[in-house]
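Numbering (this note's numbering), first residue to last: 12 to 99.
Positions of the beta carbon are idealized from the N, C-alpha and C atoms, including for glycine.
Source: prediction; values computed, not measured.
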């Protein structure tokens, strides 16, 4: 029962350190070591840029859909539209 309780505590509290009595028992921690910088090729960089651009465009569309009270911003001076709700 004591061994089962120890295993339950070890499972429920992973932040607690491991206590060992064997001085030769060692392990390499892959989470604390400094890793080499990741190398990316040009295709991965271009794909990431495209994915981020798509995500920004989708976010803009989601904001436009969720907030119809925001005014439409256009850069074309010749673009006009007739508002059927404001006319008398």
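Annotation: residue 81 to residue 74 spans about 9 Å, alpha carbon to alpha carbon. Annotation: residue 20 to residue 36 spans about 22 Å, alpha carbon to alpha carbon.
Taken atom to atom, the span from the alpha-carbon of residue 63 to that of residue 51 is near 16 Å. DSSP places residue 27 in the coil class of the three-state scheme, outside both helix and strand. Following the DSSP letters along the chain, one finds residue 80 in no alpha helix (DSSP H), marked with neither H nor E. In this structure, DSSP gives residue 54 a helical state, which the three-state scheme calls helix.
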